[in-house]
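Data first, discussion second: the structure below is written as structure tokens.
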Amino acid sequence: MSSSCAGFSCQGSECRRLRPLLGTFVEVVATGESAQREAAVEAAFAAVARVQGAMSVHDPDSDLSRLNRDAHRTPQRVRDPWTLEVLRLALAVAEQSGGVFDPTVGRHLVRFGFSPRSVGRLRLGPATFQDVEIVGETVRFHRPLALDFGGVAKGFAVDRALDALREHDVCAGLVNAGGDLACFGPAVGVCLRLPAAPRLFRHRLELENRALATSGAQFARRRYRGEWVSHIVHAERGDSWTALESVSVLAPRCWVADALTKVVALDPDRAAPLLQSYGAEAFRIVGSQLRPILSEAC
Amino acid sequence: MVKTESWSAWLLLTTLAVPEVAWGTVYLSVAEAQQLLFPGRRLTPLEVTLTDEQAKAIQKVSGVRVRARELRVWRVEGGGFFLVDEVLGKHEFIPYALGLDASGKVVGLEILEYRETYGDEIRDERWRRQFTIEPPSGGFDLGTSVKNISGATLSCSHVTDGVNRILATHELVLRRL
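So the protein lines, in turn, are chains A and B. Take 1 as the starting number for the first sequence in the numbering used here and just add one per residue. Take 299 as the starting number for the second sequence in the numbering used here and just add one per residue.
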């Protein structure tokens with residue numbers, strides 16, 4: 001370990017790179033000595049690419065697509081253990097949020113036109129996270145359904161990429177996947193888009209060894225039967241969150257921040273105890289005002 | 299609360315000071331990207347301008363419009379091509395570099411710069427009136443300090459469209475050179 005990493009000083013210069021991944025832009029930042037920095041950045045991008053390969057709903061060969069095609073017929077093994085890990089995390093949050101967060105929300109995303117069908121011509125009737133069963137290393141669906149990890153995969157990828165940076169002995173690192181980000185090392189300044197005017201910035205916060213995720217539909221809304229819909233959908237009700245505001249969650253891990261933004265956006269009352277149990281906080285930006293969302297502890 | 303005088307004063311300041319308010323990050327120069335994608339290899343610039351026929355064929359195969367006829371392309375010693383292309387959206391400018399091996403497979407993609415602008419919106423009177431946005435207090439200098447952004451997620455689909463267009467360009471034009 002480099003002795004210059006004691007306290008909050010961090011020697012070496014910054015390497016900052018941007019690549020298109022996970023349907024958005026992923027930025028990796030590493031500060032340290034030159035040889036480790038480049039290798040660290042490559043390893044971080046490789047981790048993100050691995051999440052994309054295993055869990056993209058747009059890739060017909062991903063674990064996710066294969067599960068959606070066949071797991072209602074026979075139990076399926078996944079190729080990448082990370083897929084099982086994300087599924088476990090998603091199902092846990094689904095349970096804890098009473099189904100407000102639910103990875104089987106995919107059937108609405110297919111209906112709205114955000115995702116392609118993986119399940120052929122079979123009708124995707126009502127299903128919930130309780131129709132997904134993990135048996136040992138296999139996954140089984142009790143009925144045809146469409147899993148979607150859009151609510152947690154970016155955050156998970158950020159966590160894995162950050163782990164890769166840490167393994168390469170850089171003294172400061174940051175990974176930002178489309179606004180879901182996490183960092184280690186000295187505090188960094190994070191700029192927040194104004195949801196009503198997403199090309200403008202008004203608020204800046206300091207982030208230190210923490211993760212932040214923001215949900216906002218401003219660039220991703222589409223029209224479905226005359227109405228605006230977004231990819232933040234209440235699995236049971238089938239309606240989506242399209243308010244011109246944003247919800248942000250700060251948490252120890254990015255997958256948590258990512259998943260909880262959906263619960264906060266769709267059902268803030270349900271979110272309060274969850275925020276507390278995960279050691280997370282939330283705030284929303286409405287107009288130009290940043291408003292903290294009080295957790296039960298307050 | 300709207301403080302109209304200070305709001306217009308701030309706007310005046312930004313619109314007078316810079317014609318279009320913009321921010322961005324430079325990640326790599328073309329030379330640095332060449333070194334990263336093809337370390338130690340010699341690159342020779344090619345002069346390639348697509349004909350109408352070629353542009354049409356590329357559009358047909360890739361489903362993506364060809365906007366620039368002049369390619370920025372280098373032949374890589376030992377096989378392969380290095381290209382510089384860009385996404386030019388209403389509010390974003392994203393030049394990127396793509397490396398192809400001898401068979402036309404992508405061996406690397408690096409974004410060279412990312413820039414966002416919003417000058418038009420600031421100038422539009424009706425647009426401004428929608429928001430009761432207070433002028434920023436305390437030196438948040440947009441030009442230099444916007445980074446590590448969180449907020450609505452931008453799609454990279456324009457870049458992936460560009461890559462598909464370049465792959466078709468390689469298939470139909472470059473590999474025959």
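The C-beta atom is built at its ideal place from N, Cα and C for all residues, glycine as well.
- According to the DSSP assignment, F156/A belongs to the alpha helix (DSSP H) that extends over 153 to 167.
- Note on geometry: alpha-carbon atoms of E206/A and N176/A lie some 15 Å from one another.
- The DSSP-derived three-state label of T104/A is helix.
- Under the three-state reduction of DSSP, R37/A is assigned to helix.
- About 7 Å separates the beta carbons of M55/A and D63/A, which is inside the 8 Å limit, making them a contact pair.
- Looking at the DSSP output, A49/A shares a beta bridge with no other residue.
- Put simply, the backbone Cα of L396/B is about 8 Å away from that of D383/B.
- For E206/A, the enclosing beta strand (DSSP E) stretches over residues 197 to 207.
- One finds nothing in chain B with a Cβ atom closer than 9 Å to the Cβ of A43/A; even the nearest lies about 15 Å away.
- Among the residues of the stretch 214 to 237 of chain A, those with a Cβ less than 8 Å away from any Cβ of chain B are T214, G216, A217, Q218, F219, A220, in the order of the chain.
- Nearest in C-alpha terms to K154/A, of all of A257/A, D131/A, P186/A, is A257/A.
- Under the 10 Å beta carbon count, T349/B is surrounded by fewer than 16 other beta carbons and is classified as exposed.
- Counted as a single uninterrupted DSSP element, the beta strand (DSSP E) harbouring W228/A occupies residues 227 to 229.
- Take the alpha-carbon of D180/A and the one of R474/B: they are about 43 Å apart.
- Against chain A, the CB of A400/B has no partner CB under 8 Å away; the residue lies outside that interface.
- Residue state for I232/A is assigned as coil, using DSSP reduced to three classes.
- Bounds of the beta strand (DSSP E) holding G189/A are 188 to 194.
- Under the three-state reduction of DSSP output, T128/A falls in the coil class, being neither helix nor strand.
- Within the model, the alpha-carbon separation for A44/A versus G150/A is close to 20 Å.
- Taking all protein chains in view, the Cβ of L386/B is surrounded by fewer than 16 other Cβ atoms within 10 Å, so the residue is classified as exposed.
- The continuous beta strand (DSSP E) containing A30/A extends over residues 24 to 32.
- For L341/B, the secondary structure class from DSSP, reduced to helix, strand or coil, is strand.
- At least 8 Å separates the CB of V405/B from every CB of chain A.
- Within the stretch 270 to 295 of chain A, the complete beta strand (DSSP E) segments of 3 residues or longer fall at 281 to 286, 289 to 293, listed in chain order.
- Exclusion of the five residues before and after V263/A leaves S97, V100, F101, R270, A271, L274 as the residues of its chain whose Cβ lies within less than 7 Å of its Cβ.
- The residue among V346/B, V359/B, D399/B with its C-alpha nearest the C-alpha of L407/B is D399/B.
- Closest option to S288/A, judged by alpha-carbon separation, among A164/A, L194/A, D131/A: L194/A.
- Around the beta carbon of T347/B, fewer than 16 other beta carbons lie within 10 angstroms, which makes this residue exposed.
- Within its own chain, the residues whose Cβ lies closer than 6 Å to the Cβ of L244/A, once the five positions on either side in sequence are excluded, are P195, A196, listed in chain order.
- Rounded to whole angstroms, V152/A and F114/A show a C-alpha spacing of 16 Å.
- Taking a Cβ-Cβ cut-off of 7 Å, V362/B has no neighbours in chain A, whose nearest Cβ is about 15 Å from it.
- In this structure, the beta-carbon distance from A280/A to T242/A does not fall below 8 Å.
- In the three-state reduction of the DSSP assignment, V346/B falls in the strand class.
- Close to chain B, meaning a Cβ-Cβ distance shorter than 9 Å, are the following residues of the stretch 243 to 274 of chain A: S246, S248.
- Listed along chain A, no residue sits closer than 9 Å to E330/B by beta-carbon distance, the nearest being about 11 Å off.
- With a threshold of 8 Å between beta carbons, L452/B makes contact with chain A.
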